[in-house]
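Taking it in order: structure first as structure tokens, then the write-up.
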Amino acid sequence: MKVHVDQDRCEGHGRCYATAPSVFAPDDLGNGQELGDGTVEPEDERRARLAVANCPELAISIEDPITTGDAG
Amino acid sequence: MGDHAPVTDWATDFDHTDDAWAADPYAIWSQLRESCPVAHTTRYGGAWLPTRYDDVAAIAYDTERFTSRSIIMSEFRPPLAFAPEGIAPPISSDPPFHKESRRLLLPIFSPQAIDKLEASTRAYCEELIDQMRGRDIVDAAADYAQHIPVRVIADMLGLPESDADRFRGFVNHVLEGVALPLEQRAEGMMALFGYLMEHIEDHIAHPRDDLISFLLQSERDGEKLDPFQVVRTIGLLLIAGIDTTWSAIGASLWHLAGHPADRERLVAERAILPLAMEEFLRAYAPVTMARLVREDMDWNGCPMKAEEWVLLPFPAANRDPAAFEEPDRVIIDREVNRHAAFGLGIHRCAGSHLARMELRVALEAWLDAFPSFELADPDSVRWSGGQVRGPRVLPVRITTPS
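Chains A and B supply the protein sequences, listed in that same order. Counting with the working numbering, you get residues 1200 to 1271 for the letters of the first sequence. Counting with the working numbering, you get residues 350 to 751 for the letters of the second sequence.
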């Protein structure tokens, strides 16, 4: 699973990095950004989904891995 | 609250300074949401009141048709000549001017910058608590909540703490004096800006390490900011930072004083404080904003006229059953809580990280000192009316652990 914060929509409420600090972090203006390439470790998935659900601007998208033959 | 006639029909004649609104706006909004989701009044020269989450959001996002030239509804509309920056940039600014004047402020109010103020905020909360110890009954609003943001914002701006009573007087006039006649309203504004201008002149002569000096040294398009823009932005920070946070702290303590099961759980499970705070912010969001209609138009069937007001009651949006499960129940570990207490869109409260830090520290310090407290006299609790709602009289009985 990967997440991405749309910087055109983010207004810096900070709900994502407060909810899932291992997945998101603030920039110098307080806007949320995914850490690294946005890949979410399995143990962080629940928090990442809560961050998405709590974003007032609906600025975060989730990319779920497409299940392929070699999955698992 | 002024001398307005009492409201008898909230759908066609609403008034946010009416005593019924201060006492319990939720019942009014809930009824309107079902019967007349966008109410109107001819008071204040004409105004509209949406109560659904989606309508409040749509107007907050529509900066083309709704201007922020004034965000406090009263008889006073700032002259058009103040546009595009408005009377108190950036809250009163529209795009494209808005973006850069907001950008100046955001780094000062970023979570990283606010972290540095936590220790002094906690020390101040503890100082206030020490003054309350040993008493049976204290006023959690007047003795505690109201002092915290005044002190924090005075320190940040670089204004003398000894002027705290004066700040509160200015803020009270701007936010709660909205039903006053135009002349009195204008006089109050001039008193605030006159006071601030003195301090800004002093900062120009003697720069120091605070927000006023920072703004005076800031540049926009390669030029130093005009002191008149600085004074208006400082006015905004003073007004926006005090009653709002005071209200959020007070409302949270009011809830805990009246709901022993929630209080006991929070004392026992401190880890849920972040969720509880967001729930208090949702359920008791203090701030309603306002916009002005730019041009005559039909908005979803509402015949809106240029220069009419639109109130943006984020607290009403936060109680919309279409957006929240069981919106009128306070669930202190509510996990999915996409509330709009700090607004939506480009005008998201620039001080929200500061407000959350103050709220968290104020609640932590209070719960550490007074894990057990209750409303001393529920009937004597008084809430402010207008666009910032919070308890102003809040007597609680504190039981200091032996």
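Positions of the beta carbon are idealized from the N, C-alpha and C atoms, including for glycine.
Buried/exposed call for residue i, threshold 16 Cβ in 10 Å
i, result
"B:Thr366", "buried"
"B:Thr594", "buried"
"B:Met539", "exposed"
"A:Gly1271", "Residue placement at A:Gly1271 is poorly supported in this model, since its pLDDT is 38, which falls under 50; the coordinates still yield a value, given next. When all chains shown are included, A:Gly1271 counts as exposed."
"B:Ala354", "exposed"
"A:Pro1264", "exposed"
"B:Ser345", "The requested residue 345 of chain B is not part of the displayed model; chain B covers only 350 to 751."
"B:Gly692", "buried"
"B:Phe673", "buried"
"B:Leu429", "exposed"
"A:Asn1253", "buried"
"B:Gly543", "exposed"
"B:Ala468", "exposed"
"A:Val1251", "buried"
"B:Gln736", "buried"
"B:Arg451", "buried"
"B:Ala388", "buried"
"A:Thr1218", "buried"
"B:Glu707", "buried"
"A:Asn1230", "buried"
"B:Ala655", "exposed"
"B:Met646", "exposed"
Cβ distance (whole Å) where residue i is taken to contact residue j below 8 Å
i, j, result
"B:Leu508", "B:His496", "About 15 Å; that fails the 8 Å criterion."
"B:Arg534", "B:Glu424", "7 Å"
"B:Met638", "B:Phe663", "7 Å"
"B:Cys698", "B:Ala704", "7 Å"
"A:Ala1247", "A:Val1222", "5 Å"
"B:Gly739", "B:Ala600", "5 Å"
"B:Trp359", "B:Ala665", "In fact, because the Cβ distance is near 12 Å, the residues do not count as touching under 8 Å."
"B:Arg418", "B:Leu641", "6 Å"
"B:Pro623", "B:Ala597", "With 8 Å as the limit, B:Pro623 and B:Ala597 do not qualify as a contact, their Cβ atoms being about 14 Å apart."
"B:Leu454", "A:Gly1211", "With 8 Å as the limit, B:Leu454 and A:Gly1211 do not qualify as a contact, their Cβ atoms being about 11 Å apart."
"B:Arg731", "B:Ile486", "So it is not a contact: roughly 15 Å between Cβ atoms."
Residue i in three-state terms, based on DSSP
i, result
"B:Arg557", "coil"
"B:Asp364", "coil"
"B:Phe629", "helix"
"B:Gln461", "helix"
"B:Ser567", "coil"
"B:Glu643", "According to the sequence shown, residue 643 of chain B is Arg rather than Glu. Coil at B:Arg643, not helix or strand."
"B:Arg471", "helix"
"B:Ile408", "helix"
"A:Gly1268", "Caution applies to A:Gly1268, whose pLDDT of 48 falls short of 50 and renders its modelled position unreliable; the value that the coordinates give is listed next. In the structure shown, A:Gly1268 sits in coil (DSSP, three-state: anything other than H, G, I, E or B)."
"B:Glu723", "strand"
"B:Pro623", "helix"
"B:Ala489", "helix"
"B:Val523", "helix"
"B:Val616", "helix"
"B:Pro652", "strand"
"B:Arg418", "coil"
"B:Met350", "The predicted model places B:Met350 with a pLDDT of 46, which falls under 50 and marks its position as unreliable; any figure quoted below should be read in that light. Three-state DSSP puts B:Met350 in coil, outside helix and strand."
"A:Met1200", "coil"
"B:Arg731", "strand"
"B:Gln736", "coil"
"B:Arg515", "helix"
"B:Glu476", "helix"
N- and C-terminal bounds of the alpha helix (DSSP H) containing residue i
i, result
"A:Thr1218", "Arg1214 to Thr1218"
"B:Ser379", "Pro374 to Ser384"
"B:Pro498", "His496 to Leu506"
"A:Gln1206", "Counting along the chain, A:Gln1206 falls outside any alpha helix (DSSP H), and DSSP gives it neither H nor E."
"B:Trp715", "Ser701 to Ala718"
"A:Ala1250", "Glu1244 to Asn1253"
Residue range of the beta strand (DSSP E) that includes residue i
i, result
"B:Pro740", "Pro740 to Val742"
"B:Gly599", "Per DSSP, B:Gly599 belongs to no beta strand (DSSP E); it is in the alpha helix (DSSP H), Pro576 to Gly607."
"B:His389", "Val387 to Thr390"
"B:Leu661", "Trp658 to Pro662"
"B:Ser450", "Premise fails: B:Ser450 lies in the alpha helix (DSSP H), Phe446 to Leu454, not in any beta strand (DSSP E)."
"A:Glu1233", "Gly1231 to Glu1233"
"B:Leu398", "Ala396 to Pro399"
"A:Phe1223", "Phe1223 to Pro1225"
"A:Ile1261", "Ile1259 to Glu1262"
Decide if the region 576 to 595 of chain B is in contact with the region 432 to 443 of chain B; the criterion is three or more beta carbon pairs, one per stretch, under 8 Å apart. yes
Contact the region 555 to 562 of chain B vs the region 476 to 492 of chain B: 3+ CB pairs below 8 Å: no
Touch test, the region 411 to 420 of chain B against the region 674 to 684 of chain B, Cβ-Cβ under 8 Å, three pairs minimum: no
Would you check if the region 660 to 674 of chain B and the region 394 to 414 of chain B touch, i.e. whether three or more CB-CB distances between them fall below 8 Å? yes
Taking contact to mean 3 or more Cβ pairs, one atom from each stretch, closer than 8 Å, check whether the region 478 to 486 of chain B and the region 561 to 575 of chain B are in contact. no
Under 8 Å: do the region 1231 to 1241 of chain A and the region 366 to 375 of chain B share three or more Cβ pairs, one atom per stretch? no
Any contact of the region 716 to 728 of chain B with the region 455 to 472 of chain B, i.e. 3+ C-beta pairs under 8 Å? no
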